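If you read the sequences in order, they're chains S, U, G and D.
Quick note on this note's numbering: the first sequence kicks off at 26 and runs consecutively.
Quick note on this note's numbering: the second sequence kicks off at 26 and runs consecutively.
Quick note on this note's numbering: the third sequence kicks off at 26 and runs consecutively.
Quick note on this note's numbering: the fourth sequence kicks off at 26 and runs consecutively.
Each residue gets a CB set at the ideal place from its N, CA and C atoms; glycine is no exception.
The structure displayed is predicted, hence computed values, not measured ones.
Below you'll find the structure, written out as structure tokens, and then a few comments.
Number of protein chains: 4
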Amino acid sequence: MIVVMKRSASEADINAMIAHVESKGLKPNVIRGSERTVIAVVGDERIAGIGSLESGPGVDEVLPILAPYKLASRELKSEPTVVQALGMKVGGVNIGVMAGPCSVESEEQIIASAKAVKAAGATALRGGAFKPRTSPYSFQGMKEEGLKLMAAARDVTGLAVVTEVVASEDVDLVSKYADVLQIGARNMQNYRLLEAAGKSPRPVLLKRGPSATVDEWLLAAEYILDAGNPNVMLCERGIRTFETHTRFTLPLASVPYVQAKTHLPIVIDPSHGTGHTHLVTAMSRAAIAAGADGIIVEVHPNPDKAMSDGYQSMNFDQFAEMMKQCGRIAEAMDRKLG
Amino acid sequence: MIVVMKRSASEADINAMIAHVESKGLKPNVIRGSERTVIAVVGDERIAGIGSLESGPGVDEVLPILAPYKLASRELKSEPTVVQALGMKVGGVNIGVMAGPCSVESEEQIIASAKAVKAAGATALRGGAFKPRTSPYSFQGMKEEGLKLMAAARDVTGLAVVTEVVASEDVDLVSKYADVLQIGARNMQNYRLLEAAGKSPRPVLLKRGPSATVDEWLLAAEYILDAGNPNVMLCERGIRTFETHTRFTLPLASVPYVQAKTHLPIVIDPSHGTGHTHLVTAMSRAAIAAGADGIIVEVHPNPDKAMSDGYQSMNFDQFAEMMKQCGRIAEAMDRKLG
Amino acid sequence: MIVVMKRSASEADINAMIAHVESKGLKPNVIRGSERTVIAVVGDERIAGIGSLESGPGVDEVLPILAPYKLASRELKSEPTVVQALGMKVGGVNIGVMAGPCSVESEEQIIASAKAVKAAGATALRGGAFKPRTSPYSFQGMKEEGLKLMAAARDVTGLAVVTEVVASEDVDLVSKYADVLQIGARNMQNYRLLEAAGKSPRPVLLKRGPSATVDEWLLAAEYILDAGNPNVMLCERGIRTFETHTRFTLPLASVPYVQAKTHLPIVIDPSHGTGHTHLVTAMSRAAIAAGADGIIVEVHPNPDKAMSDGYQSMNFDQFAEMMKQCGRIAEAMDRKLG
Amino acid sequence: MIVVMKRSASEADINAMIAHVESKGLKPNVIRGSERTVIAVVGDERIAGIGSLESGPGVDEVLPILAPYKLASRELKSEPTVVQALGMKVGGVNIGVMAGPCSVESEEQIIASAKAVKAAGATALRGGAFKPRTSPYSFQGMKEEGLKLMAAARDVTGLAVVTEVVASEDVDLVSKYADVLQIGARNMQNYRLLEAAGKSPRPVLLKRGPSATVDEWLLAAEYILDAGNPNVMLCERGIRTFETHTRFTLPLASVPYVQAKTHLPIVIDPSHGTGHTHLVTAMSRAAIAAGADGIIVEVHPNPDKAMSDGYQSMNFDQFAEMMKQCGRIAEAMDRKLG
């Protein structure tokens, strides 16, 4: 951590800061420049309260140096983590493909979806049973009944089941039916839920919050890792920006950046990341070319009748065509889908 | 809702859309322009699944017209809601002032803070007992012990107690000690928590998520109102933008905008909204001049030793000086603090 | 255009708006819903002053329907435009590759760069002679001397020369030496410059401003097209968002979105779009997989000695390796580099 | 400047960086921490090319310490600059008030506007003669004829004339008629124009670009100061964010932040900063309470017939009422309007 003193800082201010740093058990290195003094603090800056240095007299700003996460860090574990759930592998040479409807709506719908995405090459079935919805008046999901239908679809197809859990008290129930617990963007900083997921035996797909920095996202992963669950997949689903022609902005540079910082695999969600069906194929290809370890895509038998997210869901033909194109890009990357 | 058809839409596409709208029980008005056809849909567009119209063939985009919230709407209830908790009133001629430390750290700290902010004119004591923290390695709060200390501070000063609740299962416990339940920015879309708070007898201070649109924020309030609790205060605490000289960007135009759309009072948090102590006084004044119904400010006996948020906390003297300045602005607005 | 009246709008307000719309020569269609009245305005909404409808009494908001640009629109010209400059083709089956240093620094530097990027498969040489720099104290470019050196590099390699023009009065001079005029992000709305470039015989590479919407960007292109120059290439170079781990956020969904809206080719700049050399290769691959018609990349013989943008420039080996990888992706897209 | 080395950096990497820093004439201080080595560079980091350190082997990131501007800095000149133009003073105890239409449309319109805003207490007349417009099909202003009409309005009222200049070649012409040169948001980084304005005898009102950081904005001011013109007023007019209920987001924390960093006065534009007439009064009051040195407001005799920006213009009565309210806030700040 670097403490930059104001030009107007007095000797007393500087000495007070030196004493304060030492009182935290850290070692200050004082560098007096022509215009300002800076104090480089050596030691673990991730201790409680250190950010409060900024409120000291004569301090201009405090610049952190160390990444705030540890277990998620590539510096701690250099080989990439490969997460596996039934037949799906995410990471290494494998690019996991999770596909299916936004919401589970009926047995017919979920079984048909599972068969179609399996036939096109997906390795997991996504589908929402507990639906966090922006409006209290929207369809809130089929809940446990939806979980049972997904499990039935797994029985038919062998696909791994990926589904969202929205509260810590539901983790056990969802873990009973699902192969992967999804934590949604709205809950990325629901720490009670992260801790509960960290105690589940299931791998976790952790979506990035739409205004979360990468550090905040990796710290959310750190909560899960720290609670004992090593199988975390990061999922980039787009950030909020001034752009309105897409519902969110999908920053694919997250892929190489995150891969340099962490050993955890990264999955891209081009459906939420664009919000429009006609943009999903191009962004799936791009995700794979950027080096993503997986994709998660919304597919529905009849998107214009979907109970949620129809505007960004593909029908079966569109998905099958997309998979062909993605397969060629994966090959050009010396990787394979599924 | 307006369905804008593509220029290339066929008659069949248009007729299919008309039939689809009618099948939802809505009335389509078809307007054929020189360049495009648009279909104005009359009726309540807030029904499940209507957004999926966009995936219909030949559709270019779908523009909503009605605000998606009802109970929070000013169209439903035109007189402003005034929320009261002990001696604090928020709304009408009164500007509520909530002040205190980020975290409760000790009896001495919270009692001293309560006395100081009361002396300066605050009407409520804020303080965190359950702390949602970005890092799992940060201080997580004193939990129930912290709640007890806040209640003790209320006994001494008569201030209303405002404190955060982070999970639905804690609502009863926190309601036992607190006068106002705060729902933090990270939990603005934790719907299980919103529903639980909606069943509590305590007023709720609902912080805006840093990437939430105003509609999403008002829909979160709608969850609480819909569950039966009419006493919701909205709290603007800044949004994530490209600016880095402040931790968040505090958009004060939210005040007049929200007041035109909803009857609920709006509170400004200049501490989180700027992230730097030296900007808090100016933004508190500005909040009041913009017409805010309350402010919530971080105050600590010794900010550079605070266990959290020291960089944005005021000491007692700074707060007292700020209150003098804010009092003059409130008077120029024909309102009063507290 | 749809004029949404407030719920509280009176009959007089509605009639006044109807009269006002008619006075503009447009046809109002009045639709009276259960909650509100909306007026659908048929006719060309792109006339001066129509936006001011919003200030009429009883008006809640005005929603545009038609895209504001015409010449750039895909509805006007459905086949994609292919821009050619010497041996470089941008669009159709060809993916143009423009590479070279941020600034021209010396004859040796620019000739070496030209040879290296040509050997790796580039079809154009980029390099700045007139440099718009954030600080007045930064190196401002070699100006005409730099243009001459680029022309010399073209003589040696046959590469097309792409270079920035920063003011209308320089367009003739730069057109004398360059094969493509680049208009930088800072000047995207310098309309005097756009008009002058519209009268040049050279193709134009128009960078998107970092906070420009896609409509604003296409309207900037419209200025050039309207002035008579049909050879415009759009260049996405990233937008300003809250992300700080990249200098800008590169929204690759611009590629399929823009291709649906306009016939103009789109080029991606992964160097400015990420701001870090180690992210450029992945984003170049992704750009091509997203369907981009070209890429423009910063390459320098010795990036850590570069006079500008060294942190985002590749050295020759890095570029050659990147081109190999990009070639494979292009092949998987049934396209070819250069 | 602090150079943070990667954890994996070798001794050779560190030594190479030390040598490189020394070769720039700067002094490296090497600090070896338990996890990483950082090199604190003492000396003027604003020299050309220093940013390129980041591309060195083993470097993780480079953190700047000094502000990149000098002449604009409060550290250089501690007393605030007060800018004067005719009877308007901006800074110190005075809050300058510039008001008038977006565009000059006719003699009648501009004279009536000047009289009305003068009567309400404005000290300068704003009005556009050269209009930079997003669309080539929009009204582009009356040009020199418009300047003459503004000068006539000055003759009648004594108000200072504030008008935009859009190109370096127009600076002399506009300086002939105007008392203050406005440089618009789109041109904030049009360096040729900044340099020309720096040579004009007229004060300059420099608007912030909607995606400019404060440092970029102050560096743009630095171009003007460096060219010899000390009378620069900064104008905050809102930034681009994800918010859509306002056209831009007006970050009033810019006021106290900028006042701490620079001696130049800061003016707020609540018309562009919100984009809706009904939000302007509240934000003008808030701007003054935040400590702004001036406001600039769009006022039109008949906003719903305005040729530009009618949706954000006030009529005369609205402006007069706003000025009364603002006057009370100014008094509470111990300042006065005009």
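In the displayed model, D/Glu194 falls within a helix according to three-state DSSP. Between D/Thr269 and chain S, the shortest Cβ-Cβ separation is below 8 angstroms.
When C-beta distances to chain U are compared with 9 angstroms, the residues of the stretch 31 to 57 of chain G below that value are Lys31, Arg32, Ser33, Lys52, Asn54, Ile56 and Arg57, in chain order. Under the three-pair Cβ rule at 8 angstroms, the stretch 79 to 89 of chain D counts as touching the stretch 27 to 39 of chain D. Sixteen is the threshold: when 16 or more other Cβ atoms of the shown chains lie within 10 Å of the Cβ of S/Asp318, as they do, the residue is buried.
Proximity of S/Thr266 to chain D, defined by a Cβ-Cβ separation below 8 angstroms, is satisfied. Contacts with chain D at 8 angstroms (Cβ-Cβ) include U/Leu304. By DSSP's assignment, S/Met213 forms no beta bridge with any residue.
Classified as buried, S/Pro126 has 16 or more neighbouring CB atoms from the shown chains inside 10 Å of its CB.
Here U/Leu198 has Glu169 as same chain residues with Cβ atoms under 7 angstroms from its own Cβ, once five neighbours each way along the sequence are excluded. Rounded to whole angstroms, the Cβ separation of U/Ile320 and U/Ser309 is 5 angstroms, and the two are in contact under 8 angstroms. Contact of U/Asn254 with chain S by beta-carbon distance below 7 angstroms is absent, the smallest such distance being about 13 angstroms. When the beta-carbon positions are compared, U/Val187 and U/Arg151 come within less than 8 angstroms of each other.
In the DSSP annotation of this structure, the continuous segment of the alpha helix (DSSP H) that includes S/Thr182 starts and ends at Glu169 to Thr182. In this structure, DSSP gives U/Glu86 an extended state, which the three-state scheme calls strand. Straight through space, the alpha carbons of G/Leu174 and G/Ala278 are spaced by roughly 36 angstroms. Legend: CB atoms of the stretch 94 to 110 of chain D lying less than 7 angstroms from CB atoms of chain G are not found in any residue. DSSP places D/Gly298 in the helix class (H, G or I) of the three-state scheme.
Per DSSP, the beta-bridge partners of D/Ala149 are D/Met123 and D/Ala185. Contact between the stretch 89 to 104 of chain U and the stretch 217 to 234 of chain U is absent: fewer than 3 CB-CB pairs across the two stretches fall below 8 angstroms. The C-beta of D/Glu247 has 16 or more other C-beta atoms within 10 Å across all chains shown, which makes the residue buried.
The way I'd put it, the stretch 340 to 356 of chain G does touch the stretch 134 to 150 of chain G; three or more beta-carbon pairs between them come closer than 8 angstroms. With its beta carbon less than 8 angstroms from one in chain U, G/Glu60 belongs to the interface. The three-state reading of DSSP puts U/Pro161 in coil, since its state is none of H, G, I, E or B. Sequence-ordered contacts of the stretch 140 to 174 of chain S with chain U read Pro157, Arg158, Thr159, Ser160, Pro161, Tyr162, Ser163, Phe164 and Gln165 [C-beta pairs closer than 9 angstroms]. Distance from S/Arg211 to U/Val191 at the Cβ level is roughly 14 angstroms; contact not present, criterion being Cβ atoms closer than 8 angstroms. Here the stretch 243 to 259 of chain D makes no contact with the stretch 259 to 270 of chain U; the two share fewer than three CB pairs at distances below 8 angstroms. In the three-state reduction of the DSSP assignment, U/Leu277 falls in the coil class, being assigned neither a helical nor a strand state. G/Gly352: member of the alpha helix (DSSP H) spanning Phe341 to Ala357, first to last residue. Looking from the CA of U/Leu259, the closest CA among U/His270, U/Asp251, U/Val229 and U/Lys361 belongs to U/Val229. By the neighbour-count criterion, in which a residue is buried when 16 or more other Cβ atoms sit within 10 angstroms of its Cβ, U/Val181 is exposed.
Pairwise C-beta distances place the stretch 33 to 49 of chain G out of contact with the stretch 104 to 120 of chain S, as fewer than three of them are shorter than 8 angstroms. In the DSSP annotation of this structure, the continuous segment of the alpha helix (DSSP H) that includes D/Met42 starts and ends at Glu36 to Ser48.
For the alpha helix (DSSP H) assignment, the uninterrupted runs of no fewer than 4 residues enclosed by the stretch 213 to 266 of chain D are, from N- to C-terminal side, 216 to 223 and 239 to 251.
Excluding the 5 residues flanking it on each side, S/Ala314 has same chain C-beta neighbours closer than 8 angstroms at Ile354, Ala357 and Met358, in chain order. Residue nearest to S/Gly335 within the set S/Lys95, S/Asn40 and S/Thr299 is S/Thr299 (criterion: CA-CA distance).
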